[in-house]
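Counting with my numbering, you get residues 74 to 827 for the letters of the sequence shown.
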Amino acid sequence: MKKSQAIKAVVFGVVQGVGFRPFVYRLAHRFGYNGWVKNIGFGVEIHVESRKLQDFNPFFQALRIEKPPLSQIEKIDLKPDKFLNCSRFEIQKTEQSQSFVFISPDISICDNCKKEIMDPKDRRSQYPFINCTDCGPRYTIVKALPYDRNQTTMSNFQMCPQCQKEFTDPLDRRYHAQPIACPECGPEVELKHSSSGENISGGIQKAASLIREGAVLAVKGLGGFHLVCDPFNEQAVQKLRTIKKRKIKPFALMAFDLNVIHEFAHMDSAEKEQLCSARRPIVLLRKKKDIPGIAPHLKEMGFMLPYTPLHYLLLQDLDLIVATSSNPKDAPIFKQESKGLARLCDYILTHNRPIHMRADDSVMKIVDQKPLFLRRARGYVPYPQSVPESLASSQQILALGGELKDTISLYKNGYVITSQFLGDLNEYQNYKYFEETLEHLSHLFEFQPDAVASDLHPDFHTTRYAQRMGIPHFKVQHHYAHALATMLEHQIEKEARVLGVILDGFGYGGDGTAWGAEFLVSDYQQYQRIGHFKYMPLPGGDLAAKQPWRMALSYLMDAYEEKSPSVPSLSQINSKQLRAVQQMIQKDLCTPPASSCGRLFDAVSYLIGLSPPQVEFEAEAPMRLEAIADENTPDCYGFQIREDSLPYVVSFSKTIRAIIRDLDQKIPESVISARFHNTLLEVIIQISEKVRQKQGINTIVLAGGVFLNQYLLSRTTKKLRNLDFEVLRPVQYSPNDELISLGQIAYALARPKK
Ligand code: ZN
Ligand code: ZN
Ligand code: FE
């Protein structure tokens with residue numbers, strides 16, 4: 074940039090409602106520039122000028138480096154402007170516009186607010202609703218845009234004169250902090266008996282002592298209520314397990330600070346960075362000292378740091394609590410008090426700032442220094458995703474996702490907003506949540522779709538919903554959508570082709586059969602199914618996913634055509650039941666075939682005695698298998714790739730027979746597990762090499778729920794990269810079905826428009 078007297082800049086990104094304008098105001102003061110800053114539809118416009126010729130670069134460098142923590146700059150367009158001889162720098166009024174206005178996710182309490190809350194002399198000392206321009210609730214309290222207090226759930230609170238003064242002073246750190254509050258004028262906490270609803274005095278401190286005594290409390294957070302108890306009190310944990318109807322599914326923990334976590338888990342710098350980030354996800358960390366009953370059979374425990382002032386105050390005296398979503402099984406998290414919530418706990422620690430939009434805690438682990446999301450919600454939604462220029466369109470497109478782990482995505486003006494995780498839409502309450510979220514996001518972003526995209530599955534609620542909308546409807550194959558979403562996230566251009574390696578549970582195939590482990594040569598226009606795992610019978614259909622022993626039997630019968638050997642883990646199953654399922658498979662009764670990878674994991678986990686006959690939660694058997702895999706076993710089992718015609722078909726009958734041999738020879742389970750994982754790795758490598766040879770494709774996309782498996786993901790990535798492949802995997806999104814709606818958007822964008 075040459076020297077000039079005046080510059081106009083347009084800053085795109087999350088720059089509204091996050092203290093960006095007062096920040097620019099202060100920065101201009103520091104540099105001695107005059108001009109203005111104002112919100113425009115899709116960002117912020119800045120005019121800076123000076124009487125002398127200036128190099129404005131340092132100003133914009135500072136703008137990028139020092140930007141407010143909640144803001145995210147997508148890009149800055151700069152051009153020289155006319156010198157207007159402004160007499161000062163000012164913040165101008167907002168112009169209304171029809172464009173996309175971004176809104177910040179909810180952000181954890183900042184250091185400045187933490188200092189004030191701990192300062193006995195501060196007027197907000199110990200006040201649980203302290204916030205500022207850099208921190209506090211956003212997405213979960215906004216009812217409509219523009220983001221003004223009267224359009225949030227703070228509208229019922231009248232600001233006191235002191236708050237008003239801070240709110241209107243551009244040099245104050247609470248300038249235009251819409252949820253501004255203080256003990257004089259803001260929300261209040263309340264502690265109640267769950268059954269009688271009676272108030273209990275003592276507030277947060279009393280709540281902490283009740284937790285210490287073994288009670289289960291519902292605590293109102295940002296996007297919903299947590300259920301909270303003392304993790305070291307086995308009876309309390311057991312009570313919580315009974316309440317949640319969860320025998321072994323892991324609970325997340327909230328720790329006062331990193332020192333507390335340090336005692337129980339290993340952390341590297343990337344993990345610490347995520348834990349401490351303003352988005353405050355739950356991060357799965359390798360256990361150092363186990364806390365019995367929190368995450369049985371797994372090698373990781375999930376930790377997060379306090380993110381609201383209320384959590385922070387609650388944890389002053391507690392160090393560590395269990396903090397799990399307050400949802401009953403198969404329903405969304407509670408956002409307000411109700412009989413249902415009261416049934417889940419002994420006491421309720423609540424407050425009178427309503428939650429407008431629910432959002433669960435986000436969950437991730439760090440793989441190869443980067444996040445791998447198990448669930449993307451609070452702190453990340455509704456952050457926008459830009460699409461590659463070659464895909465951009467003037468149309469607005471809605472994508473409804475799949476069915477399990479659903480999300481929805483909205484495309485408008487070059488960006489996609491993907492909703493928080495919505496759960497399994499087969500459950501009525503979750504379906505209502507889906508409708509609520511769709512309505513809310515449409516309203517918030519003034520969204521009117523020209524087209525809708527859904528899964529291919531004819532019986533999904535989302536497919537039917539799309540059909541009823543009466544607008545152009547695109548149906549996208551499930552695993553192809555996994556690949557497309559990853560391509561879009563990584564800004565793959567329209568002409569490029571990749572090999573999508575999608576290892577997943579189940580999806581409706583392009584040919585109407587059940588797909589699951591797919592090798593798809595893909596661009597945005599089309600895919601070619603170049604390979605898949607061999608179809609295996611799923612005895613009992615859906616039941617096969619809940620009872621891994623059924624898959625174990627299925628794989629065993631496939632591997633041994635004559636008489637299957639007896640396997641110790643299968644002797645747990647009642648012989649009548651075993652015979653019945655055997656016959657189902659033999660006679661092909663109620664045993665739909667599928668090329669699933671999740672079911673293969675189930676079978677192996679069960680065969681080597683790691684999985685119970687009936688699992689409690691999805692991916693339980695695969696997670697147990699991964700948890701024990703030996704890190705230092707390099708070898709793998711045999712397998713077969715049938716390649717006389719396309720698609721390639723991968724058969725694991727050799728693998729299964731080798732596993733049985735290893736079992737006979739008393740090879741440790743940890744070694745068997747590692748060999749099995751390495752086998753899948755080898756399959757991926759061989760097929761990738763074949764496709765590179767025949768089609769010249771060098772980019773591999775790894776997605777699908779199975780790639781939540783760190784052992785497999787990390788090793789596969791490394792090995793492929795060593796062979797000079799470019800490897801992409803979802804980083805901002807989960808590789809599981811939360812990704813589907815984003816992929817559907819990519820597909821619809823790439824279609825020619827009529
Ligand atoms: Zn703050
Ligand atoms: Zn006040
Ligand atoms: Fe999937």
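All C-beta atoms in this analysis are idealised placements derived from N, C-alpha and C, irrespective of residue type, glycine included.
Count the C-beta pairs between the region 744 to 752 and the region 542 to 553 that are closer than 8 angstroms, then say yes if the count reaches three, no if not.
Result no; under three Cβ-Cβ pairs closer than 8 angstroms.
Assuming Y456 and Q469 are in contact, meaning their beta carbons sit under 8 angstroms apart, how far apart are those beta carbons, in whole angstroms?
Here the question's residue 456 lines up with position 383 in the sequence shown. Here the question's residue 469 lines up with position 396 in the sequence shown. The pair is not a contact, with the Cβ atoms about 19 angstroms apart (cut-off 8 angstroms).
Buried versus exposed, by CB contacts within 10 Å (16 or more), F156:
As a first step, residue 156 is located in the sequence shown; it is residue number 83 there, counting from the start. So F156 ends up on the exposed side.
Quick check: is any heavy atom of ligand 2 less than 7 angstroms from the C-beta of Q235?
Counting from 1 along the sequence shown, the entry for residue 235 is found at position 162. Yes; taking the cut-off as 7 angstroms, the Cβ of Q235 has a heavy atom of ligand 2 nearer than that.
Less than 8 angstroms between the CB atoms is what I'm expecting for K836 and L422, so what's the real figure, rounded?
Look at the range of the chain in this structure, 74 to 827, and you will see that residue 836 is not part of it.
Closer than 8 angstroms is the cut-off here; do at least three beta carbon pairs connect the region 232 to 243 with the region 410 to 425?
No, the region 232 to 243 is not in contact with the region 410 to 425.
Suppose the cutoff is 6 angstroms on Cβ atoms and the five residues either side in sequence are ignored; what does the same chain contact list for D221 look like?
As a first step, residue 221 must be located in the sequence shown, where it is residue number 148. Once the five neighbours on either side are set aside, D221 has no close Cβ partner at all.
Please report the Cβ distance between K322 and E373, rounded to the nearest whole angstrom; I am assuming they are in contact, meaning their Cβ atoms lie under 8 angstroms.
The residue labelled residue 322 in the question sits at position 249 within the sequence shown. The residue labelled residue 373 in the question sits at position 300 within the sequence shown. The Cβ separation is near 13 angstroms, so there is no contact.
Can you find at least 3 beta carbon pairs, one from the region 340 to 359 and one from the region 175 to 191, that sit closer than 8 angstroms?
yes
Is C302 helix, strand or coil by DSSP?
Taking the first residue of the sequence shown as position 1, residue 302 is located at position 229. C302 falls in the strand class under three-state DSSP.
Identity of the residue in V764, P201 and S459 nearest C255 by Cα
Counting from one through the sequence shown, the residue named residue 255 turns up at place 182. Nearest Cα to C255 within the set V764, P201 and S459: P201.
To the nearest angstrom, how far is it from the Cα of Y420 to the Cα of S761?
Here residue 420 refers to the residue found at position 347 when the sequence shown is read from its first residue. Here residue 761 refers to the residue found at position 688 when the sequence shown is read from its first residue. Whole-angstrom Cα-Cα distance: 56 angstroms.
Can you find the residues in the same chain that come closer than 7 angstroms, C-beta to C-beta, to C205, ignoring five residues on each side of it along the sequence?
Along the sequence shown, read from residue 1 onward, the residue named residue 205 stands at position 132. If the five residues before and after C205 are omitted, its C-beta is found closer than 7 angstroms to the C-beta atoms of C183, N185, C186, R246, R247 and A250, all from its own chain and listed in chain order.
Would you say P256 faces chain D, with C-beta separation under 8 angstroms as the test?
Of the chains in the structure shown, none is chain D; there is only one protein chain.
Neighbourhood of ligand 3 [Cβ distance below 5 angstroms to any heavy atom], ordered by chain position
D577 and D810
Could you check where the beta strand (DSSP E) with M377 kicks off and where it finishes?
Here residue 377 refers to the residue found at position 304 of the sequence shown. If you look at M377, you'll find it in the beta strand (DSSP E) that goes E373 to M377.
beta-carbon N107 near ligand 4 non-hydrogen atom, thresh 7 angstroms
Looking for ligand 4 in the displayed structure turns up nothing; the ligands present are ligand 1, ligand 2 and ligand 3.
Coil, strand or helix - S77 by DSSP
Translated into the one-based positions of the sequence shown, residue 77 becomes position 4. Reduced to three states, the DSSP call for S77 is strand.
Do you know offhand how far S678's Cα is from V688's?
Counted from its first residue, the sequence shown places residue 678 at position 605. Counted from its first residue, the sequence shown places residue 688 at position 615. Between S678 and V688, the C-alpha separation is close to 11 angstroms.
Local Cβ density within 10 Å of E811, reported as buried at 16 or more and exposed below that
Locating residue 811 in the sequence shown gives position 738, where the first residue counts as 1. Flag for E811 reads buried.
Is C349 near ligand 1, going by C-beta to nearest heavy atom under 7 angstroms?
In the sequence shown, counting from the first residue as 1, residue 349 sits at position 276. Checking every heavy atom of ligand 1 against the Cβ of C349, none is found closer than 7 angstroms.
By alpha-carbon positions, which one of Y504, Q598 and V84 ends up nearest to K140?
Taking the sequence shown and counting its residues from 1, the one referred to as residue 140 is at position 67. Of Y504, Q598 and V84, the residue nearest in Cα terms is V84.
Proximity test, D207 beta-carbon vs ligand 1 heavy atom, cut-off 7 angstroms:
As a position in the sequence shown, residue 207 is number 134, starting the count at 1. It does: the Cβ of D207 is within 7 angstroms (strictly closer) of some heavy atom of ligand 1.
At which residues does the beta strand (DSSP E) containing P444 begin and terminate?
Position 371 of the sequence shown, counted from the start, is the residue given in the question as residue 444. Counting along the chain, the beta strand (DSSP E) containing P444 begins and ends at K443 to R448.
Count the C-beta pairs between the region 610 to 626 and the region 646 to 666 that are closer than 8 angstroms, then say yes if the count reaches three, no if not.
yes
Which one or two residues does DSSP pair with L576 in a beta bridge?
Taking the first residue of the sequence shown as position 1, residue 576 is located at position 503. According to DSSP, which records beta bridges pairwise, L576 is partnered with A590.
Residue range of the unbroken alpha helix (DSSP H) whose run includes M696
Locating residue 696 in the sequence shown gives position 623, where the first residue counts as 1. From DSSP, the alpha helix (DSSP H) with M696 extends over E693 to I701.
Under 7 angstroms: does the beta carbon of M232 sit that close to some heavy atom of ligand 2?
Here residue 232 refers to the residue found at position 159 when the sequence shown is read from its first residue. Correct: M232 has its Cβ closer than 7 angstroms to ligand 2.
Considering V779, what are the terminal residues of the beta strand (DSSP E) in which it resides?
Taking the first residue of the sequence shown as 1, we reach residue 779 at position 706. Neither: V779 is in no beta strand (DSSP E) and is coded neither H nor E.
Since N107 and E118 are thought to touch, with beta carbons under 8 angstroms apart, how far apart are those beta carbons, to the nearest angstrom?
Looking up residue 107 in the sequence shown gives position 34. Looking up residue 118 in the sequence shown gives position 45. Wrong, their Cβ atoms sit about 15 angstroms apart, outside the cutoff.
In chain order, what residues of the same chain have a beta carbon less than 8 angstroms from the beta carbon of P131, not counting five sequence neighbours either side?
Reading the sequence shown from its first residue, position 58 is the one you call residue 131. So the qualifying residues of the chain are F104.
Decide if I138 is buried, meaning its Cβ has at least 16 other Cβ atoms within 10 Å, or exposed.
Position 65 of the sequence shown, counted from the first residue, corresponds to residue 138. So I138 counts as exposed.
Under the assumption that T226 contacts H424 (Cβ atoms under 8 angstroms), give the Cβ distance between them as a whole number of angstroms.
For the purposes of this step, residue 226 is taken as residue 153 along the sequence shown, with counting starting at 1. For the purposes of this step, residue 424 is taken as residue 351 along the sequence shown, with counting starting at 1. Between H424 and T226 the Cβ distance is about 11 angstroms, and since that is not below 8 angstroms, they are no contact.
Helix, strand or coil, according to DSSP, for S726 in the structure here?
Within the sequence shown, the letter at position 653 stands for residue 726. Of the three classes helix, strand and coil, the one that applies to S726 here is helix, per DSSP.
Check whether the region 397 to 404 and the region 306 to 320 are in contact - that is, three or more C-beta pairs closer than 8 angstroms.
yes
Please classify N782: is it buried, with 16 or more other beta-carbons within 10 angstroms of its beta-carbon, or exposed?
Start at 1 with the first residue of the sequence shown, and residue 782 comes out as number 709. N782 is buried by the Cβ-count criterion.
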